[in-house]
Amino acid sequence: MQTIDKYTFSGKKVIVRVDFNVPLNKQTFEVTDDTRIRGALPTIKKILNDGGSLILMSHLGRPNGQVQDKFSLRHIVPAVENNIGRKIKFAADCMGDDTKQLASSLKPGEILLLENLRFYEEEEGKPYHLAEGASDDDKKAAKAKVKESQKNFVKQLASYANCYVNDAFGTAHRAHASTALIAAYFPDNSMFGFLIESELKAMDKVLKSAEKPFTAIMGGAKVSDKILIIENLLDRVDNLIIGGGMTYTFIKAQGGKIGKSLCEEDKLDLALNILQMAKEKGVNVFIPVDAVNADAFDANANTGQSKTNETPDGWMGLDIGPETIEIFKGVIEASKTILWNGPMGVFEMDKFAKGTTTIAQSIANASQKGAFSLIGGGDSVAAINKNKLADKVSYVSTGGGAMLEYMEGKELPGIKAIRG
Ligand code: 3PG
Ligand code: MG
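Everything in the sequence shown is counted per my numbering, starting at 9 for the first residue and increasing by one.
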């Protein structure tokens, strides 16, 4: 397998799959968080410094095979230029004659950004242009057709370059043309970029060589979203901290009163199963004992506090309470490895942000004392950024779904295509 640090890009045309699926302001279309663009800079700089030319390709949002201005990568050109510190060229599509011309005339040190790959249904290989009420046979035929035209799509993209770099970690869990299929055109010249390499290193450190005690902190609304990762982690962790809305599925399963808190009624047995498995494996599970409650899901709701298993009727828990915060802090700050995915409460509302903020701060404290901490998932990363702690934790992942699937023990198509 080729590695980017040993590869010389001098005189080469390099097609790089990046994940520039970044959030945009809905009115002005300005990039509101450029973390993913910054994440690709080490790879971009290495290729430029070597004297290569760059063709950058990405998706933005989910346009489902339809050209739509709000999903145009044209909007991110200024943010890319600011980060790289030089002008880039923009191709208005991925396949047209002008684009072919732009790609073939690219000189060393020049950068071309292609338009959104998902303006083509071939990127995902899904038939999006089906007539309403299409029969199963029509669907099958349309799918076969798109899979066939996908071959030309991949071939065309590959024709622009001498080598392929995948640095789109956030999209590594998708088996798409640009993430999984194109590598086959460069059997000896495909490699990961620095971002994917560092993401893999951080995740493998946690999964394969975690220093103990190892604490996983799982938050968010639903147990069903986190079940696979929890199952995979139970063989590895010493402590499992549960927080967020899914708390109440566990509390109700154990017979507690949860008022009108969020609950997955069909996952009560699953919650009990997790607790039983944890017990068998000797994992300490920490579930919130008290909560900040609200009388409505609203930033201006009335608030109160109670034990999580004695939530008054008509109230719902929206953050962990003070006693819980102290317990969680103690566990986190005594840990040597910490994995965090999912908030403790509704941290976008100030009244319910304290639990998440304090946990983020505790993780930073533990990291400053030498623990290795890995944070992934949109909300946890947003909480770290909101509290300006990104430099005080060990690694902040650029992948939500991709990180979750890797930590579940799944093989990611974008990784397999290169690593084999
Ligand atoms: C993401 O932000 O989750 C990645 O860019 C992948 O996008 P997707 O979930 O639309 O495939
Ligand atoms: Mg996603």
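Idealized CB from N, CA, C, for every residue including glycine.
Sequence-distant residues of its chain with Cβ nearer than 6 Å to residue i (five each side left out)
i      : result
ASN197 : CYS171
MET411 : GLY384 and SER405
ASN247 : THR223, ASN292 and VAL339
GLY227 : GLY251, GLY252, GLY350, PRO351 and MET352
ARG126 : HIS67 and PRO71
Nearest neighbour of residue i, chosen from the options [CA to CA]
i      : options                           : result
GLY47  : GLY408, ASP27, PHE161 and GLY253  : ASP27
ASN393 : MET411, GLN376, GLU413 and ALA372 : ALA372
ASP77  : LEU32, ASP105, ILE52 and MET211   : LEU32
LYS220 : ILE340, VAL162, PHE17 and TYR15   : ILE340
ASN315 : LEU326, ASN308, ASP306 and ALA309 : In the sequence on display, residue 315 carries Lys and not Asn. Comparing Cα positions, the closest option is LEU326.
ALA183 : ALA218, GLU132, ASP42 and PHE177  : GLU132
LYS21  : TYR128, GLN158, ALA169 and ALA111 : ALA169
GLY252 : VAL214, ILE295 and ILE282         : ILE295
LEU64  : LEU110, THR40 and THR36           : LEU110
GLU118 : GLY93, VAL214 and THR40           : GLY93
ALA87  : PHE127, ASP42 and ARG70           : ASP42
PHE202 : GLN164, VAL154, GLU413 and LYS53  : LYS53
LEU49  : GLU89, SER343 and ALA149          : GLU89
PHE79  : THR51, SER113 and VAL39           : VAL39
ASP13  : SER343, PHE200, ALA229 and LYS151 : PHE200
LEU270 : ASN281, ILE238 and TRP323         : TRP323
PHE336 : GLN369, ASN317, SER112 and ASN72  : GLN369
GLY428 : PHE360, SER167 and LEU189         : LEU189
ALA304 : ILE237, SER18 and LYS359          : LYS359
VAL214 : ILE237, PRO195, ALA229 and PHE194 : ILE237
GLY59  : THR16, GLU413, THR51 and ILE96    : THR16
VAL75  : THR51, SER388 and CYS102          : CYS102
Per DSSP, cross-strand counterpart(s) of residue i
i      : result
CYS171 : VAL22
MET199 : VAL173
VAL404 : ILE383
GLY312 : ASN301
TRP348 : ILE225 and ILE383
ASP327 : VAL300
SER61  : LYS21
GLU318 : LYS265
PHE294 : ILE249
LEU32  : VAL39
Straight-line Cα distance separating residue j from residue i
i      : j      : result
ILE259 : VAL293 : 13 Å
LYS115 : LEU56  : 11 Å
THR311 : THR364 : 17 Å
THR345 : GLN284 : 24 Å
ALA185 : LYS108 : 18 Å
LYS362 : ASP399 : 20 Å
GLY353 : ILE383 : 16 Å
ILE235 : ILE367 : 21 Å
GLY144 : GLU207 : One point to set straight first is that residue 144 is Asp, not Gly, in the sequence displayed. Straight-line Cα distance between these residues: approximately 40 Å.
GLY408 : TRP348 : 12 Å
GLY378 : ASP233 : 30 Å
ILE204 : ASP212 : 12 Å
ASN91  : ALA100 : 21 Å
GLU288 : ILE249 : 17 Å
GLU156 : GLU130 : 9 Å
GLN10  : SER61  : 18 Å
ALA192 : PHE161 : 13 Å
ILE23  : LEU165 : 8 Å
GLY263 : LYS216 : 36 Å
LYS151 : GLN158 : 10 Å
ASN301 : ILE328 : 9 Å
VAL154 : TYR128 : 10 Å
SER113 : GLY104 : 14 Å
GLY19  : SER167 : 16 Å
SER225 : SER343 : Position check: residue 225 holds Ile in this sequence, whereas Ser was assumed. Whole-angstrom Cα-Cα distance: 11 Å.
ASP306 : ALA390 : 20 Å
GLN313 : LYS34  : 37 Å
PHE355 : SER388 : 10 Å
Close beta carbons around residue i, own chain, < 8 Å, minus the five adjacent residues each side
i      : result
LYS147 : PRO135 and LEU138
LEU81  : PHE28, SER66, LEU68, PHE98, LEU121, LEU122, GLU123 and ASN124
THR187 : ARG25, ASN174, ALA176, THR179, ALA180, PRO421, GLY422 and ALA425
PRO195 : none
ARG44  : VAL26, ASP27, PHE28, ASN29, VAL30, GLY178 and THR406
Same chain, Cβ closer than 7 Å to residue i, five either side skipped, listed in chain order
i      : result
VAL231 : MET254, THR257, GLU272, LYS275, LEU278 and ALA279
SER375 : SER381, LYS400, VAL401 and SER402
HIS83  : LEU32 and PHE37
ILE266 : TYR256, ILE259, LYS260 and THR319
ASN240 : MET415, GLU416 and GLY417
ASP243 : LYS289
ALA218 : ARG244 and THR345
SER286 : Reading off the sequence, residue 286 comes out as Ala, not Ser. Correct list, in chain order: LEU242, LEU248 and VAL293.
Chain D contact for residue i (CB, 8 Å cutoff)
i      : result
LYS400 : No chain D is present in this structure, which holds just one protein chain.
In chain order, what residues place their C-beta within less than 6 Å of a heavy atom belonging to the ligand NAD? In the structure shown, the ligand NAD is absent; the only ligands present are the ligand 3PG and the ligand MG.
Hey, which unbroken runs of the beta strand (DSSP E) at 3 residues or more fall wholly within the segment 67–149? You should have 97–99 and 119–122.
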